[in-house]
Amino acid sequence: MRIERSPDRQYVAVSGELDIYAAPFLERAVLELEDARPLLLVIDLTGLSFIDSTGLSVLLAAAERARKQGRRLIVVRPPLPALRVFTLTRVDAGMECIDDPLDVTVQPDDRDPTRVTVLELWPGLDEPESAQRS
Numbered sequence: 008m009r010i011e012r013s014p015d016r017q018y019v020a021v022s023g024e025l026d027i028y029a030a031p032f033l034e035r036a037v038l039e040l041e042d043a044r045p046l047l048l049v050i051d052l053t054g055l056s057f058i059d060s061t062g063l064s065v066l067l068a069a070a071e072r073a074r075k076q077g078r079r080l081i082v083v084r085p086p087l088p089a090l091r092v093f094t095l096t097r098v099d100a101g102m103e104c105i106d107d108p109l110d111v112t113v114q115p116d117d118r119d120p121t122r123v124t125v126l127e128l129w130p131g132l133d134e135p136e137s138a139q140r141s
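Encoded structure:
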């Protein structure tokens with residue numbers, strides 16, 4: 008995981024599977040980024056191949072914190088089949104979602120769009136050996 012920060016805007020790109028094993032890593036990364044109190048946090052899921060209810064829970068909790076703290080959270084929708092989970096659960100109705108990371112609208116307060124955080128869940132593996140299911 009590589010994390011870069013700016014005071015006003017954070018961008019997190021997630022790839023791989025966002026499930027019960029990987030969700031805590033995303034949650035920790037998002038909480039760390041939120042500590043900087045950015046005005047805008049973008050979570051890009053275009054590299055996601057799978058998401059379960061635990062991953063959805065992390066996103067919904069981040070959206071709720073953003074609302075309460077007066078910040079913007081934008082989620083870039085994942086491709087199929089992970090998108091089906093978004094559609095079936097209507098989770099995207101509870102947060103600001105877009106289809107393309109280039110469509111992020113920068114408002115005057117969203118000042119530094121240059122920082123990128125890449126969070127690759129289990130690089131080269133679907134999940135870590137210690138968490139592999141039998």
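Here the sequence shown stands for residues 8 to 141, where the numbers follow the numbering used here.
Each residue gets a CB set at the ideal place from its N, CA and C atoms; glycine is no exception.
Residues in its own chain within less than 7 Å of residue i by CB, not counting five upstream and five downstream?
i: ASP110; result: none
i: THR61; result: ASP26, ILE27, ALA30
i: PRO88; result: none
i: SER141; result: Residue placement at SER141 is flagged as unreliable, the pLDDT there being 39, under the threshold of 50; a coordinate-derived value is accordingly withheld.
i: PRO86; result: THR53
i: LEU72; result: The sequence given here places Arg at residue 72; Leu does not occur at that position. Taken in chain order, the residues that qualify are GLU41.
Just to check, is the beta-carbon of residue i closer than 7 Å to a non-hydrogen atom of the ligand NAP?
i: PRO88; result: This structure does not include the ligand NAP; it has no bound ligands of any sort.
Please confirm whether residue i and residue j have their CB atoms less than 8 Å apart.
i: LEU6; j: VAL82; result: Nothing in the structure corresponds to residue 6, since the chain is present only between 8 and 141.
i: VAL155; j: LEU52; result: This structure gives no information on residue 155, because the portion of the chain shown stretches from 8 to 141.
i: SER56; j: GLY101; result: no
Skipping 5 residues on each side, what residues in its chain have a beta carbon closer than 8 Å to that of residue i?
i: ASP99; result: VAL82, ARG84, PHE93
i: VAL37; result: VAL19, LEU48, ILE50, VAL65, ALA69
What does a CB cutoff of less than 6 Å around residue i pick up in its chain, not counting 5 residues either side in sequence?
i: CYS104; result: VAL82, ARG84
i: ASP107; result: none
i: GLU34; result: VAL65
i: ASP59; result: ASP26
Where do the ends of the alpha helix (DSSP H) carrying residue i lie?
i: ARG44; result: No alpha helix (DSSP H) holds ARG44; DSSP gives it neither H nor E.
When you compare the CB of residue i with every CB in chain D, is at least one pair closer than 8 Å?
i: GLY77; result: Of the protein chains in this structure there is only one, and it is not chain D.
Need the endpoints of the beta strand (DSSP E) that residue i sits in, please.
i: ARG16; result: 16 to 25
i: LEU80; result: 79 to 83
What's the call for residue i, buried or exposed, on a 16-neighbour Cβ count within 10 Å?
i: ALA138; result: With a pLDDT of only 43 at ALA138, under 50, the local geometry of the prediction cannot be trusted, and the value read off the model is given with reservation. Result: exposed.
For this session: Tell me, please, whether the segment 87 to 102 touches the segment 30 to 41 by the rule of three or more beta-carbon pairs shorter than 8 Å.
Result: no
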